[in-house]
Amino acid sequence: MLLAAWNVNSLSVRLPRLLAWLAANRPDVVCLQETKLADEKFPARELAAAGYAAHFAGQKTYNGVALLAQEALHVGDVAIGIPGFPDEQKRVIAATVAGMRVVGVYVPNGQAVGSEKYRYKLDWYAALAGMLRGELARHPALAVGGDFNVAPEDRDVHDPALWAGQVLCSEPERAAFRALLAVGLADSFRLFDQPEKTFSWWDYRMLAFPKNHGLRIDHILLSPPLAARCTASRIDRNARKGEKPSDHAPVLVELRD
DNA sequence: ATGGCAATGTTTCATTGA
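Here the first sequence is numbered in my numbering, starting from 980 and rising by one per residue.
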C-alpha cells in the first residue's frame, strides 16, 4: 500500500505532471492540496482514465483538496471539512479506504505571525486536533496527509536562524502541530533515519530549489496500527525538477499489508 | 544536474502563497 500527499499548486496546470507521476509511481491513495478548481471543473474523467477514482472539495482560485484512490479500492464515508468548524475554505477531505481512515488536509498558510490569518491558522489547527481525536476513536487505522504549513523542528528548515520565529516555524505553530501528534499520531518521516536537509517545499524565487533552500512542511501522520505497518516514508524531490513544477514535492509512505 | 516566482482573476496589475 502506497499512500501519498501532494500540494500541486493548481491541478489544472499540474494535471499532466500528476498523470505522469501517477503512472510512474502507481500510489494506491493520494491526497491532493491546492487544486484551485471549482468542482464542476475537476478533471475526474482524465483521472478515471488513469485508473483513479476521485473525490474532491474545491473552490475557485484558492485552496481545494481531493482524494484519489486506485479504482479497485472501495472508497466510502467521504466527509468534507471539520465538524463544528464552519469554514468557506475547502481544506479537508476524509474517506474510508482500504481499511483505513484517510484525512487529507491543507492547513492555512498563516501569512505572517500576528496577522489575522495567523490567528485563523492556530484556531484551525485546534479544530483539526479535535476532529482527529474523534476520527481516531472511530478508526484506529488513521492516516492524515497533506500540507501542514509547519516545519516541525529546526532540522526541517534549511536556515533555522533565518526562519526563527517566522511564519511556518514559529513556536505557537510548532506547538499546534505537536498537539496533533499528541492525539496519537506519528510523523511518519521521523519513524526512519533520513538524509539531512530533506525538504518538501522550495520557494520559486532565488534559486531556492537548486540551492536546496527548503522547508519540510508536508507530512503524513500515522496512528499506531499504521505506524507499525509503515516500512518507508520519503519525499520525492525529483517531482520538483523540470518544467512547471509545483513548489511542493509529494510525500509518500509505504504500508505493508 | 536542478535554475534566477507562479497562479489566478478579468489582468494590464493585485493578491496570495510560504
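We put the beta carbon where it would ideally sit given N, CA and C, even for glycine.
According to the DSSP assignment, residue 1079 belongs to no alpha helix (DSSP H) but to the beta strand (DSSP E) extending over 1079-1085. With contacts defined as CB atoms closer than 7 Å, residue 1011 and residue 1045 qualify as a contacting pair. Proximity to residue 1063 across 1094, 1029, 1102 peaks at 1102, based on C-alpha coordinates.
Contact between residue 1056 and residue 1074 holds: CB atoms are separated by about 6 Å, below the 8 Å threshold.
Three or more beta-carbon pairs separated by less than 8 Å are not found between the stretch 1151-1160 and the stretch 1172-1184, which leaves the two stretches without contact. In the assembly as shown, residue 1005 is an exposed residue. Its beta-carbon has fewer than 16 other beta-carbons within 10 Å. Counting along the chain, the unbroken beta strand (DSSP E) around residue 1055 starts and ends at 1054-1059.
Nearest to residue 1085 by C-alpha distance, out of 1070, 1094, 1079, 1097, is 1070. Proximity to residue 1013 across 1164, 1233, 1230, 1225 peaks at 1225, based on C-alpha coordinates.
CA-to-CA, the gap between residue 986 and residue 1193 works out to about 15 Å.
By the 16-neighbour rule on beta-carbons within 10 angstroms, residue 1053 is exposed. Here residue 1138 is not bridged, per DSSP, to any residue. Annotation for residue 993: the continuous alpha helix (DSSP H) segment containing it runs 990-1004. Residue burial annotation: residue 1135 is buried, with at least 16 other C-beta atoms found within 10 angstroms of its C-beta.
Per DSSP, reduced to three states, the secondary structure at residue 1013 is coil, with no helix or strand assignment. Listed in chain order, the non-local C-beta contacts of residue 1191 below 8 Å within the same chain comprise 1137, 1176, 1178, 1181, local neighbours out to five positions each way being set aside. Under the three-pair Cβ rule at 8 Å, the stretch 1125-1135 counts as touching the stretch 1193-1213. Under DSSP, residue 1125 takes part in a beta bridge, and its partners are 1084, 1198. Under the three-state reduction of DSSP output, residue 1094 falls in the coil class, being neither helix nor strand. An exposed status is given to residue 1217, since fewer than 16 other beta-carbon atoms sit within 10 Å of its beta-carbon. Within its own chain, the residues whose Cβ lies closer than 8 Å to the Cβ of residue 991, once the five positions on either side in sequence are excluded, are 1015, 1016, 1020, 1022, listed in chain order.
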